[in-house]
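Engineer:
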Amino acid sequence: MSSNSNVTVAVGLSGGVDSAMAAWKLKEQGYHVIGLTMSIWDGSVPITGNGARSGCFGPGEAEDLRATEEVARRLGIEHAVIPLATEYKRLVLDYFRGEYRAGRTPNPCVRCNQSMKFGFMLESAKKMGIDFDLFATGHYARLAEHPDVNAPLLLQAQDLSKDQSYFLSRLSREQLSHVIFPLGEFTKREVKQWARDIGWDDFANKEESQDFMECGDYTVLFSKEDSRPGDFVDAEGRVLGEHKGIVHYTIGQRKGLHIGGEKEPLFVVAIDPAENRVVLGHKKDLYSQRIKASQVNWLICKESPIFSGKLTAKLRLGHQGAMARMESFAEDSLIISFDEPQLSATPGQILVLYYEGGVVASAVIDRN
Numbered sequence: 046m047s048s049n050s051n052v053t054v055a056v057g058l059s060g061g062v063d064s065a066m067a068a069w070k071l072k073e074q075g076y077h078v079i080g081l082t083m084s085i086w087d088g089s090v091p092i093t094g095n096g097a098r099s100g101c102f103g104p105g106e107a108e109d110l111r112a113t114e115e116v117a118r119r120l121g122i123e124h125a126v127i128p129l130a131t132e133y134k135r136l137v138l139d140y141f142r143g144e145y146r147a148g149r150t151p152n153p154c155v156r157c158n159q160s161m162k163f164g165f166m167l168e169s170a171k172k173m174g175i176d177f178d179l180f181a182t183g184h185y186a187r188l189a190e191h192p193d194v195n196a197p198l199l200l201q202a203q204d205l206s207k208d209q210s211y212f213l214s215r216l217s218r219e220q221l222s223h224v225i226f227p228l229g230e231f232t233k234r235e236v237k238q239w240a241r242d243i244g245w246d247d248f249a250n251k252e253e254s255q256d257f258m259e260c261g262d263y264t265v266l267f268s269k270e271d272s273r274p275g276d277f278v279d280a281e282g283r284v285l286g287e288h289k290g291i292v293h294y295t296i297g298q299r300k301g302l303h304i305g306g307e308k309e310p311l312f313v314v315a316i317d318p319a320e321n322r323v324v325l326g327h328k329k330d331l332y333s334q335r336i337k338a339s340q341v342n343w344l345i346c347k348e349s350p351i352f353s354g355k356l357t358a359k360l361r362l363g364h365q366g367a368m369a370r371m372e373s374f375a376e377d378s379l380i381i382s383f384d385e386p387q388l389s390a391t392p393g394q395i396l397v398l399y400y401e402g403g404v405v406a407s408a409v410i411d412r413n
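Using our numbering, you'd call the opening residue of the sequence shown number 46 and step up by one each time.
(1) Looking at the strands, I want to know which residues DSSP matches up with residue 128.
(2) State the start and end residues of the unbroken alpha helix (DSSP H) segment that holds residue 263.
(3) Can you tell which of 186, 59 and 140 has the C-alpha that lies nearest to the C-alpha of residue 232?
(4) Here's the rule: buried if 16 or more other CB atoms are within 10 angstroms of the residue's CB, otherwise exposed. What is residue 109?
(5) Please specify which runs of the alpha helix (DSSP H), each continuous and at least 4 residues long, are wholly inside the stretch 296 to 361, giving them in chain order.
(6) Could you give the first and the last residue of the continuous beta strand (DSSP E) run that contains residue 372?
(7) Using 8 Å as the threshold, is the stretch 359 to 377 in touch with the stretch 314 to 325, meaning 3 or more CB pairs across them?
(8) Does the distance from the C-beta atom of residue 196 to that of residue 122 stay below 8 Å?
(9) Residue 240 lies in the alpha helix (DSSP H); which residues open and close that run?
(10) Report back the beta-carbon spacing between residue 189 and residue 198 to the nearest angstrom; my notes put them in contact at under 8 Å.
(11) Taking contact to mean at least 3 C-beta pairs separated by less than 8 Å, is the stretch 253 to 273 in contact with the stretch 198 to 218?
(12) Relative to the C-alpha of residue 282, which candidate in 72, 315 and 90 has its C-alpha closest?
(13) Which of helix, strand or coil does DSSP assign to residue 291?
(14) Take residue 127 as the anchor and find which of 156, 139 and 163 has the nearest alpha-carbon.
(15) Using DSSP with H/G/I as helix, E/B as strand and the rest coil, what is residue 226?
(16) Across the stretch 49 to 64 and the stretch 145 to 160, are there enough close Cβ pairs to call them in contact, namely three or more that are closer than 8 Å?
(17) CB residue 405 to CB residue 338, shorter than 8 Å?
(18) Only counting runs of 4 or more residues, tell me where the alpha helix (DSSP H) segments fall wholly within the stretch 123 to 211, in order along the chain.
(19) Would you report the Cα separation of residue 266 and residue 220, rounded to the nearest angstrom?
(20) How about residue 65 and residue 245: do their beta carbons lie closer than 8 Å?
(21) Run through the DSSP bridge pairs and tell me what residue 92 is partnered with.
(22) Under 7 Å Cβ to Cβ from residue 290, same chain only, skipping five residues before and after it: list those, please.
(23) Between the C-alpha atoms of residue 412 and residue 336, what's the straight-line distance to the nearest angstrom?
(24) How would you write the range of the beta strand (DSSP E) that residue 412 sits in, first residue to last?
(25) With distance defined between alpha-carbon atoms, name the residue in 378, 399 and 184 nearest to residue 225.
(26) Helix or strand or just coil, what does DSSP make of residue 382?
(27) Based on Cα-Cα distance, which residue from 106, 329, 191 and 203 lies nearest to residue 222?
(28) Once you ignore the five residues that flank residue 142 on each side, which residues in its own chain have a CB closer than 7 Å to its CB?
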């Protein structure tokens with residue numbers, strides 16, 4: 046009998062193919078597997094189901110819960126649904142609203158992983174008497190030992206096209222020390238083929254979730270007061286038109302400005318919540334070479350010589366990453382400079398620093 050049979054792994058089941066196959070893979074490896082699922086939808090936000098499940102927050106949650114129950118039934122494992130709507134509202138939705146009201150652009154999926162999926166869900170499960178040794182998810186990422194820390198180092202997935210280390214970059218060393226990622230060495234195509242091989246075509250053919258909200262329109266989270274009009278201005282303060290409320294805009298945005306008469310396209314280059322103004326400029330105004338960030342999550346010792354050399358820095362999920370150096374740092378803040386100016390460094394978004402494919406630190410972008 047495999048020694049893994051003495052290890053209980055709780056798998057975060059979402060209803061999709063990745064978490065289902067993570068649970069299946071672990072069971073194949075001999076682990077004692079149980080399923081955990083968060084319930085976060087309470088109907089308090091005016092979201093109407095659109096017939097196609099495209100996000101994790103919305104009335105379609107019931108469909109996802111049925112899917113997780115089906116995974117547990119097919120695998121013959123215990124499964125618990127953890128009610129966390131109150132915590133989700135406080136830690137994710139209120140954060141999301143607060144950031145937009147402050148003229149910043151949040152990343153709710155990163156926040157949800159940090160505070161909910163790898164945080165409150167596990168704490169709540171243990172309070173309910175559910176015992177487990179490790180926690181696993183269907184994220185595409187890897188872990189490896191590192192000499193600088195007494196915890197695993199978070200690595201990019203083998204399949205870089207599906208790498209989700211960015212979404213996991215705010216997890217603490219302590220959180221990572223109890224986690225495994227069964228899919229990190231495999232491609233999405235391989236994972237879907239596993240599902241087909243065992244007759245789970247219904248999961249292999251499922252559409253992937255693309256956003257945190259089912260309807261895709263995050264403005265339903267805000268009140269009418271949040272849509273208070275103000276001025277579009279240029280860098281000199283010249284009024285160019287009227288905006289419909291700062292929560293409707295983010296750095297780099299071009300669509301929906303409805304400003305005419307300019308020779309070059311206009312973009313949002315800054316947001317001033319104190320004056321209720323949105324500053325517009327041209328694409329060249331969006332480039333920056335130095336970034337200040339705070340709320341640093343050090344995943345290796347900040348005195349490591351790694352931080353005195355070249356790093357790869359990602360400014361957002363779609364950013365390919367660029368070479369950068371750490372100019373200075375403190376316990377909770379840092380400044381980096383890029384070899385080449387980068388487009389749209391957005392306050393509120395997550396800066397992730399990589400060294401040879403490993404996440405060595407992350408922070409929240411303050412300004413350029």
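Glycine residues also receive a C-beta, built at the ideal position from the N, C-alpha and C atoms.
Nothing here was measured: the structure is a model prediction, and the numbers come from that model.
Structural biologist: Let's see:
(1) 84
(2) Residue 263 -> no alpha helix (DSSP H), and no H or E assigned at all.
(3) 186
(4) buried
(5) none
(6) 367 to 374
(7) no
(8) no
(9) 233 to 242
(10) 5 Å
(11) no
(12) 315
(13) helix
(14) 163
(15) coil
(16) no
(17) no
(18) 130 to 133, 139 to 146, 153 to 157 and 166 to 172
(19) 30 Å
(20) yes
(21) None; residue 92 has no bridge partner.
(22) 271, 272, 273 and 274
(23) 6 Å
(24) 403 to 412
(25) 184
(26) strand
(27) 191
(28) 266 and 267
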